[in-house]
Amino acid sequence: MSPLSFAAVSGRLKARRAGVGVTRPGFAWAVPATVFFLLFAILPLVLVAVLSFTSWDGIAAPRFNGLANWTKLIHDPVMIQSLWLTLLLTALGVLTQTPISILLGVWAAGHQRNRAVLSAVFFVPLLLSATAVSVVWRAILDPNFGVPSQLTWLFGNGNLLGNQSGSIAVLTFVGLWQFTPLHALIYQGGARAVPQVLYQAAAIDGAGTVRQFFHITLPQLRNTMITSMILMVVGGLTTFDTVLILTQGGPGTDTTVSAYYMYRKAFLSFDFGAGSAIALVLVLVATLISLAVVRLSGYDKMRSTAEGI
Amino acid sequence: MRRRPNYPAGLGSLVWLFLVGLPLYVLLISTFRTTSNYSSQGPLTFPSQLTLQNYLNDFSNGFGQDFLNTLIVTVSVVAIVLLVVPPLAYAIVRARGRRITIVFRVFLLGLAIPAQAVIVPMFYVISQAGLYDHLIGIILPTAAFCLPVCTLVLTGSMRDITPDLYEAMAMDGASPWRVFLQLVLPLSRGGLSSVVVFAALQAWNGFLFPLILTQSDSTKVITLGLYNFQTEHGVDVPGLLSAVVLSMLPIFIVYLFARRALVQGLMGVGGK
Numbered sequence: 097m098s099p100l101s102f103a104a105v106s107g108r109l110k111a112r113r114a115g116v117g118v119t120r121p122g123f124a125w126a127v128p129a130t131v132f133f134l135l136f137a138i139l140p141l142v143l144v145a146v147l148s149f150t151s152w153d154g155i156a157a158p159r160f161n162g163l164a165n166w167t168k169l170i171h172d173p174v175m176i177q178s179l180w181l182t183l184l185l186t187a188l189g190v191l192t193q194t195p196i197s198i199l200l201g202v203w204a205a206g207h208q209r210n211r212a213v214l215s216a217v218f219f220v221p222l223l224l225s226a227t228a229v230s231v232v233w234r235a236i237l238d239p240n241f242g243v244p245s246q247l248t249w250l251f252g253n254g255n256l257l258g259n260q261s262g263s264i265a266v267l268t269f270v271g272l273w274q275f276t277p278l279h280a281l282i283y284q285g286g287a288r289a290v291p292q293v294l295y296q297a298a299a300i301d302g303a304g305t306v307r308q309f310f311h312i313t314l315p316q317l318r319n320t321m322i323t324s325m326i327l328m329v330v331g332g333l334t335t336f337d338t339v340l341i342l343t344q345g346g347p348g349t350d351t352t353v354s355a356y357y358m359y360r361k362a363f364l365s366f367d368f369g370a371g372s373a374i375a376l377v378l379v380l381v382a383t384l385i386s387l388a389v390v391r392l393s394g395y396d397k398m399r400s401t402a403e404g405i
Numbered sequence: 137m138r139r140r141p142n143y144p145a146g147l148g149s150l151v152w153l154f155l156v157g158l159p160l161y162v163l164l165i166s167t168f169r170t171t172s173n174y175s176s177q178g179p180l181t182f183p184s185q186l187t188l189q190n191y192l193n194d195f196s197n198g199f200g201q202d203f204l205n206t207l208i209v210t211v212s213v214v215a216i217v218l219l220v221v222p223p224l225a226y227a228i229v230r231a232r233g234r235r236i237t238i239v240f241r242v243f244l245l246g247l248a249i250p251a252q253a254v255i256v257p258m259f260y261v262i263s264q265a266g267l268y269d270h271l272i273g274i275i276l277p278t279a280a281f282c283l284p285v286c287t288l289v290l291t292g293s294m295r296d297i298t299p300d301l302y303e304a305m306a307m308d309g310a311s312p313w314r315v316f317l318q319l320v321l322p323l324s325r326g327g328l329s330s331v332v333v334f335a336a337l338q339a340w341n342g343f344l345f346p347l348i349l350t351q352s353d354s355t356k357v358i359t360l361g362l363y364n365f366q367t368e369h370g371v372d373v374p375g376l377l378s379a380v381v382l383s384m385l386p387i388f389i390v391y392l393f394a395r396r397a398l399v400q401g402l403m404g405v406g407g408k
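If you're matching them up, the sequences are chains G and P in order. Using my numbering, read the first sequence as starting at 97 and increasing by one per residue. Using my numbering, read the second sequence as starting at 137 and increasing by one per residue.
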């Protein structure tokens, strides 16, 4: 290091220690975004708690009614059922999407030309809105004019949405179709970050593709797996669009998940107080899970996944 | 490295190609059928006669208006996000003090708020503000719910700017404004493009807020249009599916030309 640059560096260090010259933005820079966020995200979150103790029809002013919404909710069999259904659909989502998206992600992480081309096709479902996906599948699965009516040898009478198990299977499958590409993308990023040295060492030791997958790729993907699964759980708990469009919670209340029940209570039965109480349950569950996120993976890992490849 | 073809993986990928491709084939091919052809031949066969009538019908059924509304919402959401997030991220990365730490914590907490959970109070807030059934009533909440992910992505890329560069500018006596405009913004272009794509996708594909906060045809966005179409004229499947194709066309064009930026924006969705 030349004397000149040494002088410059020590001068800079002195300046930093004295706090001279290093201009930092003031708190004012954060104010617009913060105010905006408080008004349209945090305030509603506080209000959901307040409204859950009121009776409100959406037109007149809300009136406080104490714990009435909550006592009704605890004794509401549809509410209890909706929680079980939500947990069931979430579990089915994680169990079906995780293995397939790991396989697809690891496969797509390879740099072969055919894989790049096929991956471009595989990621197309990501471009469709949840509404579009649900509308398309509803048309395809229509019992009279859809695909099942043409393949009766496979689908029986073709009315897949006519009973509970069929409806749950359809919701799980559509979720798989819709969300697997996103998670495959996350795993692709994770798999590409695995150091190549590990594979080279394993190959020298004579490990084949399968052993490399189980002994290197999977353990290395642990953090990616945590992030992806948490996303699946939060997404699963708030499943709404697909239920609204594909089953309307039916047949009967057989697929009425909590988020849909909240919508039905508030915006179809105009019992906004009860809707708020269900929403608060959803918020509490989501918060518990986000705390689990911090516990299991730490914020840093979450951020590096969000940044992508 | 070994370049031996992996046959089981190839086979598996073909199975998935079939599962992804078949619905997309049905989606695309059905839009060129007449409604009567769809009911008689079903969705799988190749139609004997192709027509563009479904697309024309969509436009005479008001799809143009829906498209315009969605475009207004999307552009506004992106504009709001671009206006407030970069200064916020700059402050989070560079400002000192307890207050800014608390603000960052609030936005991190925001990551865990599902939009579904706040639709009832959002309806209350927007009605009280007199914004019910106005496009601005969709724009504000949609933009607000983009903020946590966008902030996280952008602070990530601003942290990659080395302190030396800040110090060099400080020695030149640059004000925070000049540092922001000449150093921070140009060097976080990657993060900014992910943020734009993420916000645009959220706005373009958003359904929940429009569903509960609007009701007229004049404020209807595309996703709501698809939902209404399906509940009102569920029989006209080719008309419905051609509206689906039209709705995804702009995103598909972006996908063809800027796949990398789009994929990174989608990973922003992953961060949610």
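Glycine included, every Cβ here is placed at the ideal spot set by N, Cα and C.
Partner residues in the beta bridge of T150 (chain G), as assigned by DSSP, are G:F160. Residues of the segment 219 to 247 of chain P with a Cβ closer than 8 Å to any Cβ of chain G, in chain order: L219, V220, V221, P223, L224, Y226, A227, I228, R230, A231, R232, G233, R235, I236, V239, V242, F243, L244, L245, G246, L247.
Here DSSP, grouped into helix, strand and coil, assigns R169 (chain P) to coil. Within the segment 291 to 347 of chain P, the complete alpha helix (DSSP H) runs of at least 4 residues fall at 299 to 307, 312 to 315, 325 to 341. Of all alpha-carbon atoms in G:Q308, G:A228, G:F123, G:G201, the one lying nearest the alpha-carbon of L294 (chain G) is that of G:Q308. Between A253 (chain P) and P277 (chain P), the CB-CB gap reaches or exceeds 9 Å. DSSP places I312 (chain G) in no alpha helix (DSSP H); its state is neither H nor E.
Apart from sequence neighbours up to five positions away, the residues of its chain that approach P277 (chain G) with a beta-carbon distance below 7 Å are F218, F219, P221, L222, ordered along the chain. The contact set of P140 (chain G) on chain P, defined by CB atoms closer than 7 Å, consists of V254, P257, M258, V261 in chain order. Counting along the chain, the unbroken alpha helix (DSSP H) around A216 (chain G) starts and ends at 209 to 218. Among the residues facing chain G, F281 (chain P) is included, as its CB has a counterpart in that chain under 9 Å away. In the pairwise beta carbon analysis, the segment 171 to 179 of chain G is classified as not touching the segment 268 to 285 of chain P: fewer than three pairs are separated by under 8 Å. L323 (chain P) has its alpha-carbon roughly 7 Å from the corresponding atom of I297 (chain P). With fewer than 16 other Cβ atoms inside 10 Å of its own Cβ, H369 (chain P) counts as exposed. Closer than 9 Å to the CB of V266 (chain G) there is not a single CB belonging to chain P. Every unbroken stretch of the alpha helix (DSSP H) spanning 4 or more residues and falling wholly within the segment 180 to 255 of chain P is given here in chain order: 189 to 196, 199 to 230, 234 to 246. Nearest C-alpha to G342 (chain P) among P:T170, P:P159, P:L180, P:V209: P:V209. Under the 9 Å criterion on CB atoms, P291 (chain G) is classed as non-interfacial with respect to chain P.
For V229 (chain P), the CB contacts under 7 Å within the same chain, skipping 5 residues up- and downstream, are T291, M294, R295 in chain order.
V214 (chain P) places its beta carbon 9 Å or farther from that of A394 (chain P).
The Cβ of I322 (chain G) sits no closer than 9 Å to any Cβ of chain P. Three or more beta-carbon pairs separated by less than 8 Å link the segment 163 to 179 of chain P to the segment 187 to 195 of chain P, which places the two stretches in contact.
Ranking G:L143, G:Q316, G:W233 by CA distance to the CA of Y283 (chain G) puts G:Q316 first. With fewer than 16 other Cβ atoms from the protein chains shown falling within 10 Å of its own Cβ, R241 (chain P) counts as exposed. Judged by their CB atoms, S354 (chain G) and N165 (chain G) are not nearer to each other than the 9 Å cut-off.
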